[in-house]
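Trainee: One structure follows; several queries about it will come next.
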Amino acid sequence: MFANKLKEIRVAAGISQERLAEELDISRQAVAKWETGMTMPDIDHLIGIGNFFQVSLDHLVRDIPCHTVARESIYDHSEIIDFIVEAKKKTYASAANFDAACVASSRLESKDLSYEKGDFKYLDTYVGSSHFSGSEVVYQKEKPVWSMNYIGRSLSGQLGDFLTKMLSLVNVELPYRGPAFYRDGKYVYVNLVSGEFNWFQGIEKIYYENELIYELVYHGGVVR
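Printed below as a string of structure tokens:
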């Protein structure tokens, strides 16, 4: 559990809650709430905690219990989840498949990507470029069953193809964006999600040499 781990690391290092709060530019009460499990730090504060105590984000993030789809959600919606993962890998998460997935714009200046298999159809519609927003919808027998909205922005030209690589790692345990955590040289990718497949919200960020270069927030769930 993150709360217990943070307290253990802090006590072992001989650091008070006040000292950690000062380092992170927050109140001591905020640190106390983290250590009692009342609240969770955001991604930027997780980065700060990792840097301060010299522990990996992987070590901190993987014990956060809300970052994967609940087992009952996987069971109830496994067919939809399998399709979503496949659709993402066949559209925006693959540079090789991107052009083939493009379809006619459904809105002024929108970019639309589509993928179909059996009874399912996936449609991703977004506007913008370095700053963008959009919506993903899954249809089953022509009726909407799941949707996710998002808005993101690139803050640096250092992004390259790293984001595409992260998105290609989407899986059934986390069928929204990329993995919970990934480090590749100077790049760090973090994706935190709360809620379940039925109703969720999340944020992903990419850092290059500890500088934030990309961020996206998203939310969605099952629709009826």
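Residue numbers 1106 to 1329, in my numbering, belong to the letters of the sequence shown in order.
Virtual Cβ for every residue (Gly too), placed ideally from N, Cα, C.
Which parts of the segment 1193–1265 are runs of the beta strand (DSSP E), unbroken and 3 residues or longer, counting only runs that do not cross its ends?
Mentor: Taking only runs of at least 3 residues, the beta strand (DSSP E) segments lying wholly in the segment 1193–1265 are 1216–1222, 1225–1233, 1236–1245, 1248–1259.
Trainee: Quick one: what's got a C-beta closer than 6 Å to V1327's C-beta in the same chain, skipping five residues either side?
Mentor: W1251, N1303
Trainee: Going by alpha carbons, who is nearest to K1270 out of V1160, K1194, L1279?
Mentor: The shortest C-alpha separation from K1270 is found at K1194.
Trainee: Start and end of the alpha helix (DSSP H) containing H1150?
Mentor: Residue range 1148–1158 is occupied by the alpha helix (DSSP H) that includes H1150.
Trainee: So, are the CB atoms of S1238 and Y1255 less than 9 Å apart?
Mentor: yes
Trainee: Under the three-state reduction of DSSP, which class applies to I1131: helix, strand or coil?
Mentor: Look at I1131 here: in three-state DSSP terms it is coil, with no helix or strand label.
Trainee: List the endpoints of the continuous alpha helix (DSSP H) containing N1109.
Mentor: 1107–1117
Trainee: Thinking just about the alpha-carbon of each residue, which of S1235, D1149, G1223, S1261 is nearest to the one in E1247?
Mentor: G1223
Trainee: Distance check for Y1294 and E1314, CA to CA, integer angstroms please.
Mentor: 12 Å
Trainee: Classify G1325: buried if its beta carbon has 16 or more other beta carbons within 10 angstroms, exposed otherwise.
Mentor: buried
Trainee: Rounded to whole angstroms, what is the Cα-Cα separation between D1266 and Y1197?
Mentor: 12 Å
Trainee: So Y1319 and L1260 are in contact, right, with Cβ under 8 Å, and what is the actual spacing, rounded?
Mentor: Cβ-Cβ separation between Y1319 and L1260: approximately 6 Å, consistent with a contact (criterion under 8 Å).
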